[in-house]
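Undergrad:
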Amino acid sequence: GGGGAKEEKKAADANEIVIGGNFELSGNVATFGTAAANGAQLYFDEVNAAGGVLNKKIKFVNLDNKSDATEAANVATRLITQDKVVAILGATTSGDTLGFIQVATDNKIPVLTSSATNPDVTVDPNTKQVREYVFRACFIDPFQGTVMANFALKDLKAKTAVIYVDNNSPYSKGLAQFFKESFTKQGGKIVGEEAFVPEDQDFKATLTKIKGLNPDVVYCPGYYEQVGKIVKQAREVGITVPFLGGDGWDSPKLAEIAGAQALNNTFFSNHYSSEQDDPNVKAFVEKYKAKYGQVPDSMAALGYDAAVLIVDAIKRSGDGSPEKIKEALKATKDVQAVTGKLSFDENHNPVKGAAILEMKDGKQVYKTYVNP
Amino acid sequence: MLKVEDVHVYYGAIHAIKGISLEVPQGQIVTLIGANGAGKTSTLNTICGLIKPKSGRITFEGKDITGMATPEIVKMGLTQVPEGRRIFANMPVYENLELGAFLNKNKKEVAEAMENVYTRFPRLRERKNQLAGSLSGGEQQMLAMGRALMSKPRLLLLDEPSMGLSPILVKEIFSIIKELNEQGTTILLVEQNAKMALSIAHRGYVVETGRIVLAGDAKELLESPEVKRAYLGG
Amino acid sequence: MMSMFERKIGRQIGILLVLAAVWGVIDFMIKGGILNPYYELNLILIGINIILAVSLNLINGFNGQFSIGHAGFMAVGAYGAAMITIKAHLPFVIALLVGALLAAICGILVGLPTLRLRGDYLAIATLGFGEIIRGLIVNIDYIGGAYGLSGIPKLANWTWIFWLTVLTVLVIWNFVNSTHGRATISIRENEIAAEAMGINTTKYKVMAFTIGSLFAGLAGGLHAHYFYTIQPNTFNFLKSFDILVMVVLGGQGSITGSIIAAIALTIISASLQKFAALRLVIYALLLIIIMLFRPQGLMGTKEFSLKMFRKKSKDKEGKQHGTAIGQ
Amino acid sequence: MEVFLQQLINGISLGSIYALIALGYTMVYGIVQLINFAHGDVYMVGAYLGFFATAILGWPFLPALLLSMVVCAILGMVIEKLAYTPLRNAPRIAALITAIGVSLFLEYGMMLLVTPQVRTFPQVLPEVQYKLLGNLVITNRQIIILVVTIALMLLLQYIVHKTKIGKAMRAVSHDKQAAQLMGINVNKTISATFAIGSALAAAAGVLVGIYYNAINPLMGIMPGLKAFVAAVLGGIGIIPGAMTGGFLLGIVEAMVSGYGKSLYRDPVAFVILIIILIVKPAGLFGKNVREKV
Amino acid sequence: MALLSVNDLSISFGGLKAVSNFNMQLHKNDLAGLIGPNGAGKTTVFNMLTGVYLPTSGDIQLDGKSLVGLKPYQINHRGVARTFQNIRLFNDLTVIDNLKIAYHSHARYGLLGAICRLPGFYAGEKEIHEKSMELLKIFKLDHKYDELAKNLPYGEQRRLEIARAMATKPRILLLDEPAAGMNPQETHELMELIRWIRKEFDLTILLIEHDMSLVMGVCEIIYVLDYGQIIAIGTPDEIRNNRRVIEAYLGEEAS
Ligand SMILES: Nc1ncnc2c1ncn2[C@@H]1O[C@H](COP(=O)(O)OP(=O)(O)OP(=O)(O)O)[C@@H](O)[C@H]1O
Ligand SMILES: Nc1ncnc2c1ncn2[C@@H]1O[C@H](COP(=O)(O)OP(=O)(O)OP(=O)(O)O)[C@@H](O)[C@H]1O
Ligand SMILES: [Mg+2]
Ligand SMILES: [Mg+2]
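Protein chains in written order, with the working numbering: chain A, 20 to 391; chain B, 2 to 235; chain C, 15 to 341; chain D, 72 to 364; chain E, 103 to 357.
(1) Could I get the ranges of all uninterrupted alpha helix (DSSP H) runs contained in the region 37-108 of chain A, with 4 residues as the minimum, in chain order?
(2) In terms of alpha-carbon separation, which member of VAL236/A, GLN101/A and ASN81/A lies closest to PHE170/A?
(3) For GLU6/B, which residues in the same chain have their Cβ closer than 7 Å to its Cβ, ignoring the five residues on either side in sequence?
(4) Identify the continuous alpha helix (DSSP H) that holds THR80/B and give its terminal residues.
(5) At what residues does the beta strand (DSSP E) containing GLN266/C begin and finish?
(6) Do you know offhand how far GLY135/E's Cα is from ILE310/E's?
(7) State yes or no: is the C-beta of PRO162/D within less than 8 Å of the C-beta of GLN310/C?
(8) Check LEU57/C in the structure and name its three-state DSSP category.
(9) Taking the straight line between their C-alpha atoms, what separation do you get for ARG293/C and SER207/E?
(10) Closer than 9 Å, Cβ to any Cβ of chain B: which residues of the region 278-290 of chain E, in chain order?
(11) Could you check which residue in VAL261/C, ILE206/C and ASN250/C has the C-alpha nearest to that of ARG130/C?
(12) Does PRO167/C come within less than 8 Å of chain D when only Cβ atoms are used?
(13) Would you say the beta carbon of THR210/B comes nearer than 7 Å to a heavy atom of ligand 3?
(14) May I ask you to list the residues that DSSP assigns as paired with GLY166/E?
(15) Using a C-beta cutoff of 8 Å, does GLY23/A count as contacting chain D?
(16) Under the criterion of a Cβ to heavy atom distance below 7 Å, does GLU249/E qualify as lining ligand 3?
(17) Does the count of Cβ pairs from the region 73-87 of chain A and the region 141-149 of chain A closer than 8 Å reach three?
(18) The alpha helix (DSSP H) spanning ARG184/E covers which residue range?
(19) Can you list the residues of chain C that VAL94/A reaches, using a CB-CB cut of under 8 Å?
(20) Excluding the 5 residues preceding and the 5 following LYS252/E in the sequence, name in chain order all residues of the same chain whose CB lies nearer than 6 Å to its CB.
(21) Check ASP313/E in the structure and name its three-state DSSP category.
(22) Between MET16/C and PHE318/C, what straight-line distance do the alpha-carbon atoms span, to the nearest angstrom?
(23) Using only the alpha-carbon positions, how far apart do LEU33/C and ILE274/C sit?
(24) What do you reckon, is the C-beta of GLY134/B under 7 Å from a heavy atom of ligand 4?
(25) Counting contacts by CB-CB distance shorter than 8 Å, is LEU55/C in contact with chain H?
(26) I want to see whether chain B comes within less than 8 Å of HIS245/E, judged by CB atoms only; does it?
(27) Take ASP165/E as the anchor and find which of ILE274/E, ILE299/E, GLU279/E and GLY330/E has the nearest alpha-carbon.
(28) Report the option in CYS218/E, LYS144/E and LEU254/E whose CA atom is closest to the CA atom of LYS22/C.
(29) If we cut at 8 Å on Cβ distances, does GLU140/B have a partner in chain E?
(30) Please name the residue, chosen from LYS271/E, GLY319/E and ASP328/E, that lies closest to GLU302/E on a Cα-to-Cα basis.
(31) In or out: ASN10/A buried (at least 16 other Cβ within 10 Å) or exposed?
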């Protein structure tokens with residue numbers, strides 16, 4: 020890239036702390052990346068307006084990884100070597116995050132992902148070692164999958180389930196895997212496993228097949244855009260049983276796409292609910308709406324929380340160096356964020372519970388809160 | 002009827018036509034002869050607007066048509082039978098003919114014209130539903146001629162109409178040209194077969210490397226020793 | 015007087031020395047920290063893109079086929095090579111070789127039945143192949159499924175990539191500038207005439223396709239061993255389009271053109287990074303504008319050479335042998 | 072049997088969408104031999120225009136459809152003038168690359184303009200379900216799309232083969248110079264081709280937007296690709312071929328999902344596609360004429 | 103024994119019988135002509151001889167071995183080369199590359215030699231280059247060796263096509279309307295050339311032509327085809343005066 024030298028000077032500016040953003044601003048999950056980055060920016064602006072941290076202003080350099088793992092590595096290298104960031108936020112998907120954490124680790128720069136829920140992001144599956152420099156602001160797939168499996172078995176009294184996953188999404192497949200494990204271990208039976216791809220518009224063929232399998236519930240951990248269409252079409256082909264899902268469902272768009280009627284009798288686990296009766300949540304929703312004119316979804320909330328966590332760590336690091344920030348992150352305890360009071364466990368995952376929400380006439384209705 | 006004055010044509014940097022002037026009087030056959038690459042085709046293409054000249058003036062029946070779009074020129078009654086036939090290979094013969102009368106909205110006239118063409122070229126009638134691309138070379142040439150006749154042009158430009166035709170057809174084509182002319186169509190004929198061309202033409206021009214080097218009465222040119230040596234094979 | 019052979023050898027040694035110098039200087043700069051890892055990464059990307067573009071150019075530019083599934087072969091090479099190092103723990107060279115050979119075998123398997131298709135029909139078949147490969151990878155959990163394969167050791171570095179890029183260009187250059195290359199090109203020019211002149215068109219189409227896939231596989235192997243992780247989505251049809259764009263932009267049938275385009279596009283893409291959402295709009299506009307001004311690509315079918323600058327000596331040099339087509 | 076029939080209905084209704092997009096694709100290809108990769112994105116723009124008209128302006132269905140078709144027709148002509156006309160005498164591949172450029176431009180330009188957020192259509196065409204033979208479900212929207220697809224196919228076929236402009240289009244597609252000598256205005260004819268093709272894409276966009284109820288700036292990529300596949304499958308440039316190809320692709324996908332594994336739907340669909348092409352190298356309707364030498 | 107013997111060769115396209123029961127015997131060093139009205143099936147005969155079309159029935163034998171079913175390139179390797187009615191050069195390549203491509207089957211180095219640039223490669227390339235230049239000289243194209251084929255004037259393109267066919271070292275050369283588009287002067291030169299290469303290369307030549315001065319001037323035996331059937335075989339004089347040929351092809355006042 021051109022103009023490197025100039026930027027390096029700027030980056031070294033003593034009055035700034037540079038934090039990198041490695042988010043999906045284009046490509047197929049651009050909505051998530053944009054929301055998360057917006058959330059983070061919102062908090063950084065607040066901090067700067069209040070005088071910054073360690074007497075320095077925060078500069079948030081947010082680059083586009085095109086929803087592509089290779090590009091994410093490219094972006095991380097650039098952030099670290101060109102922009103001299105002290106930490107990187109992002110990415111929103113596990114796949115893109117996995118694409119660059121090695122680069123960050125090699126350069127000893129901490130990474131805090133807002134919403135990469137796959138366990139492998141913080142723990143290397145080959146060595147079972149915790150990745151020293153990687154943290155996240157969200158709970159992980161096994162937890163979410165398990166929570167939903169329990170809910171299906173206990174609250175909905177389901178005995179059989181069909182899993183319907185987004186075949187291109189590690190997130191979706193991860194949730195499905197843990198749901199399946201937990202569900203079958205406790206005596207449930209998976210009667211079918213089907214898949215779609217995010218570009219799909221028409222799901223009726225598979226749904227017709229699922230209808231023939233006659234399950235008690237359908238577990239469909241995907242993102243709201245597809246899930247909305249799936250639930251809508253499922254009701255059209257005559258599937259009436261509950262649909263269950265995860266945090267990817269969380270968006271006001273879900274009800275718009277599926278239609279309020281069709282969404283009745285569906286449930287999903289989430290980090291938070293914008294309808295939640297919690298002062299922190301309410302304040303966040305207000306601020307976000309005021310700035311971006313939209314109701315924040317959980318991606319935005321988690322982006323905001325990632326920013327909260329990193330600023331907290333910088334504050335406690337004393338000198339704002341990557342190494343100290345990493346150590347401070349490790350020691351994160353009871354930080355008040357939108358999605359709860361957060362502390363990191365030994366695997367660098369926040370200890371927090373999940374809300375289970377039910378969709379009723381297009382509204383998210385708070386059902387239960389499950390603690391880990 | 003047609004007047005070309007000092008026309009220059011470039012293909013990129015190549016100066017292909019270096020100031021050609023010629024005249025086609027109403028009711029005559031004028032022929033343009035010359036070696037390969039002399040610029041005959043380029044001249045015809047310039048006249049009917051497929052190529053824009055760099056300078057010079059072309060008038061048709063007194064109207065300046067220099068730089069005018071081809072369809073406009075065709076509308077005025079000037080048609081070309083292009084070199085290499087250029088028939089619409091993936092369309093059947095009859096559609097090729099219909100396209101010849103594209104500008105004519107009168108269905109009855111079109112049908113009559115088509116009948117005339119079929120009478121003139123019975124082979125085309127036999128093959129009227131065959132795709133033009135699978136016709137033999139000669140058949141394609143007939144089709145190209147027939148297609149041009151469909152628009153009943155007042156001035157017909159013919160670019161090497163005898164190329165690839167059997168001797169009997171060459172004679173036939175030439176007699177058709179003559180007949181057309183006698184029926185009132187003015188003709189500008191480009192030919193490799195200089196002898197036959199000059200024998201039916203009123204006037205002739207000899208083109209060499211983008212210039213007219215000789216012009217005159219066709220009969221005189223036929224007798225001219227230079228023409229004999231260069232174009233009539235001794 | 016030196017024999018033709020000796021003179022050519024002499025020249026080749028000269029070129030080799032220049033290349034070695036380029037490699038050495040940059041290697042020194044990387045090791046010495048003068049070029050930071052970001053620049054190194056972009057150099058690596060440039061190398062991989064050159065391999066991809068030049069190999070696709072053999073198929074699309076020189077042989078006149080229309081393949082838009084190059085990323086599929088790259089995927090085969092990437093996964094093949096990664097499996098060798100991760101699961102079989104064999105050396106990097108073997109991994110690269112296996113990856114490339116697997117891709118080449120796929121090239122033959124795809125090429126034999128489909129190369130009799132023409133133009134856009136072939137395009138669809140190759141695109142389909144790319145999507146089939148991706149679809150299979152997504153569904154095989156052993157190789158990571160949709161989630162991708164991570165934990166690949168970072169074995170590729172500047173040295174590997176530089177010399178393998180040189181090797182690729184050299185092999186394809188030598189191939190193209192030989193009677194086999196001429197046979198390949200004649201198919202592009204006029205298949206019917208080529209066959210009438212005694213050229214086994216099927217053989218040369220499959221050959222071009224196979225060599226092209228082989229090097230795409232090599233690029234895949236290098237990619238996998240530089241970026242730690244590979245994911246099926248990295249090799250989707252958009253990646254194939256990217257490679258195609260490089261080939262066309264550089265000039266179909268110009269190896270140096272592909273090299274220049276691969277370098278230029280990699281740099282453009284990197285420098286647009288800060289424009290976030292705007293970047294692809296700018297990229298798209300650039301693409302359109304360049305094509306409008308140079309529809310035949312930057313180089314057409316010509317090769318870039320110093321001779322272009324000293325035309326005078328051209329007649330003596332190279333002419334006698336008239337090897338390089340389009341020189 | 073019942074499930075099979077239901078899957079057939081599913082396949083046909085999915086296929087009719089591919090077919091609808093493929094019609095414009097194949098027509099433009101047939102006339103200018105350009106794989107207009109931007110076609111899928113014009114479809115996307117059409118969907119957004121429909122959204123704009125219905126959700127923002129509150130127009131009813133038909134006027135919204137008309138607006139979208141007209142605006143996209145103009146968009147198509149503008150794209151043709153700016154990006155393709157200058158390349159008319161250039162190698163075909165150059166125009167293909169600009170088509171990719173235009174496609175990216177529309178996708179990401181739109182993203183800047185309307186954000187990547189999904190948009191949902193208001194209920195302009197209330198859904199009605201019909202039950203056939205007991206348990207087979209079919210909705211009025213499916214029927215509308217199917218009917219519109221067939222009607223447009225017939226209309227296009229009529230335009231291209233029976234009308235004067237159609238004849239001009241075909242002449243232009245074979246030989247532009249010779250067409251001019253027939254008195255055909257090549258520029259106008261090609262403009263008209265793009266206008267019609269883009270209007271068709273817009274119609275597809277609005278219908279699909281209403282049918283699936285969710286649109287986004289990248290929604291054109293996959294259907295565009297599938298429509299291209301469908302067009303090739305039927306024999307590119309052949310209008311009934313595009314429709315058949317679309318239906319076939321839809322039915323194959325539905326059957327693979329329904330009877331095989333949905334996981335392998337796309338790979339299997341592509342394998343079938345390649346096999347069809349190997350058996351019929353010029354597509355289902357394409358005549359495999361050997362070039363006459 | 104005949105070098106090329108064609109027995110009862112027929113082909114139909116759909117319902118159309120383009121060639122039926124075509125018989126021909128060509129001996130070594132023959133110079134034969136194939137004439138007939140447009141659409142008689144002459145080019146189609148060439149296409150069957152060179153493997154472009156598969157005959158519906160009948161047999162083609164070269165030196166007693168059948169050529170039917172072979173691919174065009176295999177037939178070329180057996181020693182049959184042709185030119186095309188509508189010129190098919192490698193347009194965007196240079197004149198000399200056009201010839202070098204035709205030398206391909208006689209190249210003396212392999213794939214490995216090319217990629218590794220073994221000494222054999224240089225020797226082989228040198229040979230190909232020299233032979234191509236020689237041939238260009240014969241066809242008076244050597245001064246244009248570096249031009250793109252498409253930039254040559256028509257007459258030279260025709261000559262180049264013949265030269266290219268010669269580069270495959272054929273025993274039988276098939277020329278499809280070699281004089282089309284040439285003026286009488288050029289046609290005359292072409293006649294000389296055809297006679298000369300036949301003698302020099304000990305070739306058998308079969309040509310299709312509508313220019314009677316050429317056909318009558320060089321051919322020793324002429325086959326006349328009409329509606330896919332042979333209507334006459336004979337020497338130029340016999341053909342010139344054959345009633346049926348005059349009616350179908352030459353026209354009354356045959357010159
Ligand atoms: N499209 C073109 N681009 C570049 N040069 C061209 C083009 N068309 C013709 N020329 C050149 O212009 C000159 C005149 O060509 P033109 O076709 O007019 O000759 P001609 O007299 O019709 O020859 P022929 O008898 O072979 O048909 C030639 O030198 C030719 O090479
Ligand atoms: N591929 C094909 N499909 C259909 N008909 C064909 C095909 N090839 C040739 N024909 C027909 O076969 C007949 C013979 O054609 P051919 O080209 O052999 O004629 P020819 O004798 O070479 O004529 P010319 O002297 O005009 O070139 C013609 O009527 C032609 O229309
Ligand atoms: Mg000419
Ligand atoms: Mg012929």
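Ideal Cβ positions, reconstructed from N, Cα and C, are used throughout, including at glycine. The structure presented is a predicted model; accordingly, all values stated were derived computationally and were not measured.
TA: The structure says:
(1) Whole alpha helix (DSSP H) segments, 4+ residues: 49-68 and 88-100.
(2) As a position in the first sequence, residue 170/A is number 151, starting the count at 1. Closest option to PHE170/A, Cα to Cα, is VAL236/A.
(3) The sequence position of residue 6/B within the second sequence is 5, counting from 1. Beyond the five residues adjoining it in sequence on each side, GLU6/B comes within less than 7 Å, by CB distance, of SER22, GLY57 and ARG58 in the same chain, given in chain order.
(4) On the second sequence, residue 80/B is found 79 positions in, with the first residue counted as 1. For THR80/B, no alpha helix (DSSP H) run applies; the uninterrupted beta strand (DSSP E) run containing it begins and ends at 79-82, by DSSP.
(5) Start at 1 with the first residue of the third sequence, and residue 266/C comes out as number 252. Element bounds for GLN266/C: n/a, residue is neither H nor E.
(6) The residue you call residue 135/E lines up with position 33 of the fifth sequence. The residue you call residue 310/E lines up with position 208 of the fifth sequence. When rounded, the separation of the alpha-carbon atoms in GLY135/E and ILE310/E is 6 Å.
(7) Along the fourth sequence, read from residue 1 onward, the residue named residue 162/D stands at position 91. Along the third sequence, read from residue 1 onward, the residue named residue 310/C stands at position 296. Closer than 8 Å, so yes.
(8) Position 43 of the third sequence, counted from the first residue, corresponds to residue 57/C. LEU57/C falls in the helix class under three-state DSSP.
(9) Start at 1 with the first residue of the third sequence, and residue 293/C comes out as number 279. Start at 1 with the first residue of the fifth sequence, and residue 207/E comes out as number 105. Distance between the alpha carbons of ARG293/C and SER207/E is about 51 Å.
(10) For the region 278-290 of chain E, residues whose beta-carbon sits nearer than 9 Å to a beta-carbon of chain B comprise GLU279, ALA282, GLY283, MET284, ASN285, PRO286, GLN287, GLU288, THR289 and HIS290.
(11) In the third sequence, counting from the first residue as 1, residue 130/C sits at position 116. For the options VAL261/C, ILE206/C and ASN250/C, the alpha carbon positioned closest to that of ARG130/C is the one of ILE206/C.
(12) Counting from one through the third sequence, the residue named residue 167/C turns up at place 153. For PRO167/C, the nearest beta carbon of chain D is not closer than 8 Å to its own beta carbon.
(13) For this step, residue 210/B is matched to residue 209 along the second sequence. False, no ligand heavy atom lies under 7 Å from that Cβ.
(14) Against the fifth sequence, residue 166/E aligns to sequence position 64. BP columns for GLY166/E are empty, so no partner.
(15) By one-based count along the first sequence, residue 23/A stands at place 4. Its pLDDT being 41, under 50, GLY23/A is placed unreliably in this model, and the coordinates cannot settle the point.
(16) Taking the fifth sequence and counting its residues from 1, one reaches residue 249/E at position 147. GLU249/E: no, Cβ never under 7 Å from ligand 3.
(17) Too few Cβ pairs lie closer than 8 Å, so no.
(18) Residue numbering aside, residue 184/E sits at position 82 when the fifth sequence is read from its first letter. For ARG184/E, no alpha helix (DSSP H) run applies; the uninterrupted beta strand (DSSP E) run containing it begins and ends at 182-184, by DSSP.
(19) What you label residue 94/A is simply residue 75 of the first sequence in a count that begins at 1. Within chain C, the residues near VAL94/A are GLN287.
(20) Position 150 of the fifth sequence, counted from the first residue, corresponds to residue 252/E. Closer than 6 Å at Cβ, skipping near neighbours: ASN193.
(21) Your numbering for residue 313/E matches position 211 in the fifth sequence. In the structure shown, ASP313/E sits in coil (DSSP, three-state: anything other than H, G, I, E or B).
(22) Reading the third sequence from its first residue, position 2 is the one you call residue 16/C. Reading the third sequence from its first residue, position 304 is the one you call residue 318/C. Note that MET16/C has pLDDT 49, beneath the 50 cutoff, so the model's placement of it is unreliable and the number below is only indicative. Between the alpha carbons of MET16/C and PHE318/C lies a distance of about 27 Å.
(23) Taking the third sequence and counting its residues from 1, one reaches residue 33/C at position 19. Taking the third sequence and counting its residues from 1, one reaches residue 274/C at position 260. Using only the alpha carbons, I get a separation of about 16 Å.
(24) For this step, residue 134/B is matched to residue 133 along the second sequence. Every heavy atom of ligand 4 is 7 Å or more from the Cβ of GLY134/B, so no.
(25) The structure shown has no chain H; the protein chains it does contain are A, B, C, D and E.
(26) The residue you call residue 245/E lines up with position 143 of the fifth sequence. The C-beta of HIS245/E comes no closer than 8 Å to any C-beta of chain B.
(27) Translated into positions along the fifth sequence, residue 165/E becomes position 63. Ranking ILE274/E, ILE299/E, GLU279/E and GLY330/E by Cα distance to ASP165/E puts ILE274/E first.
(28) Position 8 of the third sequence, counting from 1, holds the residue named residue 22/C. For the residues CYS218/E, LYS144/E and LEU254/E, the minimum Cα distance to LYS22/C belongs to CYS218/E.
(29) By one-based count along the second sequence, residue 140/B stands at place 139. It does: the Cβ of GLU140/B has a partner Cβ on chain E nearer than 8 Å.
(30) Here residue 302/E refers to the residue found at position 200 of the fifth sequence. Of the residues LYS271/E, GLY319/E and ASP328/E, the one whose Cα lies closest to the Cα of GLU302/E is LYS271/E.
(31) Residue 10/A lies beyond the residue range present for chain A, which begins at 20 and ends at 391; the question has no answer from this structure.
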